[in-house]
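Right, one structure below, let's go through it.
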Amino acid sequence: MEAVQTALETEELLLVPLTLEQMENFNENPEKITASLGVKDHTLFNPQPLYNLNSNFILPRLRKASSTDQAYNTRWLAISKDLNRVVADFLIKKGPDEEGEIEIGYGVYPKYERKGWMTKVVAGFLQWAQDQPRITTVMAETAKENISSIKVLQKNGFILSRETEKFFYWRKKVD
Numbered sequence: 425m426e427a428v429q430t431a432l433e434t435e436e437l438l439l440v441p442l443t444l445e446q447m448e449n450f451n452e453n454p455e456k457i458t459a460s461l462g463v464k465d466h467t468l469f470n471p472q473p474l475y476n477l478n479s480n481f482i483l484p485r486l487r488k489a490s491s492t493d494q495a496y497n498t499r500w501l502a503i504s505k506d507l508n509r510v511v512a513d514f515l516i517k518k519g520p521d522e523e524g525e526i527e528i529g530y531g532v533y534p535k536y537e538r539k540g541w542m543t544k545v546v547a548g549f550l551q552w553a554q555d556q557p558r559i560t561t562v563m564a565e566t567a568k569e570n571i572s573s574i575k576v577l578q579k580n581g582f583i584l585s586r587e588t589e590k591f592f593y594w595r596k597k598v599d
């Protein structure tokens, strides 16, 4: 199996970008991933919409990515160091583009909701993004009714940049 590299370690979390081999196992054999990471709980949250996202978006993109671009094209797991469990995951949905902008998507696993994990995950990811010369701005989209996600972004210093009937669009400079 490919060696797993921790992209970032914070006081409470390990943020791990999944390798191609791990992503290929995500839908069918997620226990292989958690076992390779040494976490206690061998279940990963993967409802049908995320299953489809893995198959139709992440895997094709990751297979085309160069080795230096894999972190931009994969799903990342957030592992609580105290609990030794996966509490959330996230991905870079778009970018970096010519202006250095990326868009992130994220989700906390149901049993860890409303415990502050996602705020810590996004904060950790922003630390990583600041060290990436190709990234200048991190963007995110939230449904207007998703108050929890809005709070996560606000607590991490994102600024509302525009809105539509259904969505808010947020930005944070990191360069």
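All letters in the sequence shown, in the order written, are residues 425 to 599 by the working numbering. In this text, a Cβ means the ideal position worked out from N, Cα and C, and glycines have one as well. These numbers come from a predicted model, not from an experiment.
Q) Under a Cβ-count criterion, where at least 16 other Cβ atoms within 10 Å of its own Cβ denotes burial, should residue 527 be classed as buried or exposed? A) The sequence position of residue 527 within the sequence shown is 103, counting from 1. So residue 527 counts as buried.
Q.
If you follow the beta strand (DSSP E) that residue 457 is in, where does it begin and where does it stop?
A. Against the sequence shown, residue 457 aligns to sequence position 33. It is not in any beta strand (DSSP E) - residue 457 instead sits in the alpha helix (DSSP H) that spans 454-461.
Q: Note down the Cα distance separating residue 581 from residue 534, rounded to an integer number of angstroms.
A: The residue labelled residue 581 in the question sits at position 157 within the sequence shown. The residue labelled residue 534 in the question sits at position 110 within the sequence shown. Cα to Cα, residue 581 sits roughly 24 angstroms from residue 534.
Q: For residue 564, collect the residues of the same chain with a Cβ closer than 6 angstroms to its Cβ; drop the 5 residues on either side in sequence, then sort them by chain order.
A: As a working mapping, residue 564 is identified with position 140 in the sequence shown. 528, 577, 594, listed in sequence order.
Q. Taking C-alpha atoms, which residue in 473, 436, 585 lies nearest to residue 503?
A. Mapped onto the sequence shown, residue 503 falls at position 79. Nearest C-alpha to residue 503: 436.
(Q) Taking a contact to mean a Cβ-Cβ separation below 9 angstroms, would you say residue 468 touches residue 454 in this structure? (A) What you label residue 468 is simply residue 44 of the sequence shown in a count that begins at 1. What you label residue 454 is simply residue 30 of the sequence shown in a count that begins at 1. Yes. Within cutoff.
Q) Excluding sequence positions up to five away, which residues of its chain have a Cβ less than 7 angstroms from the Cβ of residue 425? A) Here residue 425 corresponds to residue number 1 of the sequence shown, with the count starting at 1. Residue placement at residue 425 is flagged as unreliable, the pLDDT there being 31, under the threshold of 50; the coordinate-derived value follows with that caveat. Only 445, 460 meet the Cβ criterion.
Q) Any heavy atom of the ligand ZN closer than 8 angstroms to the Cβ of residue 482? A) Here there are no bound small molecules, and the ligand ZN is not part of this structure.
Q | DSSP state of residue 593 mapped onto helix, strand, coil | A | As a position in the sequence shown, residue 593 is number 169, starting the count at 1. In this structure, residue 593 counts as strand in the three-state DSSP scheme.
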